[in-house]
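Here the structure is laid out as structure tokens; the discussion comes afterwards.
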Amino acid sequence: MPRHLLSIADLDAAAIRMLLDTAASMQDVQRREVKKIPTLRGRTVINLFFEDSTRTRSSFEIAGKWMSADTINITGKGSSTSKGESLPDTVMTIDAMGVDALVMRHSASGAAHQVAGWVKARVVNAGDGTHEHPTQALLDAFTMEQRLGTLAGRHVAIVGDLTHSRVFRSNVLALRMLGAHVTAVAPVTLMPSGITPWAQADGFALSHDLDAVLTGERPVDALMMLRVQRERMAGGFFPTPREYTVGYGLTRPRLQTLLAANPEAVICHPGPMNRGLEISADAADAAASVILDQVAAGVAVRMSVLYHLLAGEEGSAA
Amino acid sequence: MSALVIKGATAYAAGLPTQGRPGDVVVVDGVVTDLDAAAVPRNADVIDADGLVLLPGLVDIHTHLREPGREDAETIASGSAAAAVGGFTAVLAMANTTPVTDTAEAAERILDLGRSVGLVDVQPIGAVTHDLAGQQLAELGLMHRSRAQVRVFSDDGHCVGDARLMRRALEYIRSFGGVISQHSQDPSLAGPSACCHEGELSGRLGLPGWPAAAESVVIARDAQLARHTGSRVHVAHVSTAEGVEVIRWAKARGIPITAEATPHHLALTVEQVRTYDPVFKVNPPLRPIEDVEAVRAALADGTIDAVATDHAPHARHDKEHAFVDAAFGMLGLETALAVVAHVMVEGGPFGWADVARVMSSAPAAIAGLPGHGRPIAPGEPANLVLIDPAASRTVDRDTSMSLSRNNPWHGRTFAAGVYATILRGRVTAREGVPTSC
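Residue numbers (the numbering used here), protein chains in the order written: chain A, 1 to 318; chain B, 1001 to 1437.
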């Protein structure tokens, strides 16, 4: 296990396996009536969120609290050069108080990597710009495995605004390490630049045709729908929400196509959802949907991450 | 009378009879008087230059000296010292200071400050548009008629994006032989947040992409405007193979266009950005190796005329931020010669005469600078640089003459190094130390 969790690329399959296995035992704690273990007693975890977040921040906070860590939330948007304190000053100030872990979200890609070089505390990347969101990829893998068993040989299609998605970037790395087949689906304008050589190097497929993927030779086992922001229209990324939904939304007919091809298929979404844009209410609430399971898994996975970074070899898992 | 004899250096410059052979150069009162030390005047200072290379003093047509406005990052004094140590006898100071160099008075002040320091000739570049805002022309004619005799105009840092304004500016300066140095960046294709070459790495790193086409479309437009107006366009910091192609096309048709490349675009690739280290954040961004090789080839075949540093000092508090928030730019004056020698001489097709061309005579000609980039011959001003091709020096950012530390070469060892710089017969720097007046 590396010193920080900054990117899925810092892990290997064995490390991911270890984190997911520990998450499974953490989920037992989650199901108890009294959800408290002493593992991180005396440890201080700072949730440092420079960007709005409800689910990720509360998920980390709950994870820390259930393990008896002292968790403190700091939010703020003062990260730019124009005014206020600089990023290094902010994080070094908090670090100087002697905290054990910084769980950090920032609008700038690479911010967590840079911060890891400035502080003594362990750093957990809770989302850096459009770069990575490693705990999201871990909880997605955890959720998919709960329904599908091993992901080796399974087919995961990731659909949506890949350009601006840190969830996509972390997921494609994790899923490939776990042996899944991955197809990234989006209009060209919503695919990151240079994705063709990237997909070739990392062994995943690209498609601009969701219907072809759903009816393809390799049935989809997990369909991961990513959030599409309506304001992207302004940048010319797609013409109208209507055209997006017709082309790439998980509509009711597409839900039927998915399940006709593979009745066991699951539907994921990292949230927050735009019901009616990238995913219909029917799909979001279908029996095949594991969207709330993802949220539940988030706490267990984050407990596992904090455990391995902070308790490490000293203690034992719950 | 002051006299200086440079003994035993191998000189390279246009029209030199001793080209490529060790010889002596005699300088009296700032002028080369003889190429034979037999005529050594009494009491002459002697530089034993055995094994050294002698070139005309280097000329940088793209320097940011930050004064006035950001004297915490660089001053004309500190930047002049860096230039002298780096082998330069003339630098052109970009207009994006605070206030902007967009009036005759502002230009004269920079000229005067440079003269009072006296380590290097500091020639101001005038803004193309008032306050670099891209809305109305700056006082181009008054700047030209001032004591500073401004000939080079640039909104560098910003592209003159409006085609009509660019056309008018080119027409306006044609009467006095001016030139516009264009920062070629289509602002709608590469906006202010664009900070990483658009490609596989920017996609993986999630950094806003700066596509090659944002450079080449502006170069193509400006080439057409140069053809239409008959006025001169100079392309600053060419970074892409596509940009090089367009310039080659334009030159083949006799369009009055020249171009420069920076040492960093000749030597560093986008891979440097992988660690999100803002020292490597520069505009235009570092490119893939294919572009770097195209820029090198273009410099070798003359498509790119000159090397220019784009020396861009920044205070630490403007650089030490998240990558997208950090300031653009890197230091270059003190390392330019070593980097160009490394890439183009030791690892490339250049001889020292080619270095003299791209770092001295060509940039001096583009800028219309009298007295620089001249042949080494009797009657010529003694603006010279002595280079030790086997200096083997390791760059240490903390010993820099610059007030800033955003040095991308820190820790790298280069074979060649500047031994001494001579401005009108006076040694302005020797072995890394500037010589005060």
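Note that CB positions come from ideal geometry on N, CA and C, so glycine has one too. All values reported here derive from a predicted model rather than from experimental measurement.
Per DSSP, reduced to three states, the secondary structure at residue 1007(B) is strand.
When secondary structure is reduced to three states using DSSP, residue 1181(B) falls in the strand class. Nearest neighbour of residue 1393(B) by Cα position, chosen from 1191(B), 1216(B), 1334(B), turns out to be 1334(B).
With respect to the 8 Å criterion, residue 1244(B) and residue 1307(B) are not classified as neighbours on the basis of their beta carbons. Around residue 192(A), the beta-carbon contacts reaching into chain B at under 9 Å are 1200, 1202, 1203, 1204, 1206, 1209. Below the 7 Å Cβ cutoff, chain B contributes 1206 as neighbours of residue 130(A), in chain order. Not a single C-beta of chain B is nearer than 8 Å to the C-beta of residue 121(A).
Under the Cβ criterion (8 Å, minimum of three pairs), the region 1413 to 1425 of chain B counts as touching the region 1045 to 1062 of chain B.
Contact residues of the region 214 to 231 of chain A toward chain B are absent (C-beta to C-beta distance below 9 Å).
A straight line joining the alpha-carbon of residue 139(A) with that of residue 1185(B) spans about 42 Å.
Using a Cβ-Cβ cut-off of 8 Å, residue 1270(B) does not count as an interface residue toward chain A, since no Cβ of chain A sits closer than that to its own.
Residue environment for residue 297(A): buried (at least 16 other C-beta atoms within 10 angstroms of its C-beta). Counting C-beta pairs closer than 8 Å gives fewer than three between the region 97 to 106 of chain A and the region 247 to 264 of chain A, which falls short of the contact rule. Residue 1427(B) and residue 1123(B) have their alpha carbons spaced roughly 20 Å apart.
Taking 7 Å as the Cβ-Cβ cut-off, the region 1318 to 1337 of chain B approaches chain A at 1318, 1320, 1321, 1322, 1323, 1324, 1325, given in chain order. Sequence-distant partners of residue 1087(B) (beyond 5 residues in either direction) whose C-beta falls short of 6 Å from its own C-beta, in its chain, are 1058, 1337, 1385, 1418, 1421.
Between residue 1169(B) and residue 1401(B) a beta carbon distance of about 34 Å is seen, past the 8 Å cut, so the two are scored as non-contacting.
The shortest CA-to-CA distance from residue 1009(B) to any of 1388(B), 1395(B), 1436(B), 1407(B) is the one to 1388(B). Separation of residue 1135(B) and residue 1381(B) (C-alpha to C-alpha, rounded to the nearest whole angstrom) is 41 Å.
Per DSSP, residue 1058(B) is one residue of the beta strand (DSSP E) stretching across 1058 to 1063. If you draw a straight line from the Cα of residue 1131(B) to the Cα of residue 1102(B), it comes to about 7 Å. Sorting 1142(B), 1071(B), 1138(B), 1432(B) by C-alpha distance to the C-alpha of residue 1155(B) places 1138(B) at the top. Between the C-alpha atoms of residue 147(A) and residue 175(A) there is a straight-line separation of about 15 Å. Runs of alpha helix (DSSP H) with 4 or more residues, each lying fully within the region 124 to 153 of chain A, are found at 134 to 148, listed in chain order. When Cβ-Cβ separations below 8 Å define contact, residue 1172(B) makes no contact with chain A.
For residue 271(A), not one C-beta of chain B is nearer than 8 Å to its own C-beta. Here residue 21(A) has no same chain residue with a Cβ atom under 6 Å from its own Cβ, once five neighbours each way along the sequence are excluded. For residue 1260(B), the enclosing beta strand (DSSP E) starts and ends at 1257 to 1261.
Rounded to the nearest angstrom, the Cβ distance from residue 293(A) to residue 143(A) is 5 Å, consistent with a contact under 8 Å. In chain order, 1317, 1320, 1321 make up the part of chain B whose C-beta sits under 7 Å from the C-beta of residue 86(A). Less than 8 Å separates the beta-carbon of residue 1241(B) from that of residue 1294(B). Contact annotation: in the region 174 to 198 of chain A, residues whose CB is within less than 9 Å of a CB in chain B are 191, 192, 193, 194, 195, 196, 197, 198. Residue pairing by DSSP leaves residue 12(A) without any beta bridge partner. Secondary structure at residue 119(A): coil, using DSSP grouped into helix, strand and coil. In this structure residue 1147(B) is exposed. Its beta-carbon is surrounded by fewer than 16 other beta-carbon atoms within 10 angstroms.
Going by DSSP, residue 49(A) is part of the beta strand (DSSP E) stretching over 44 to 49.
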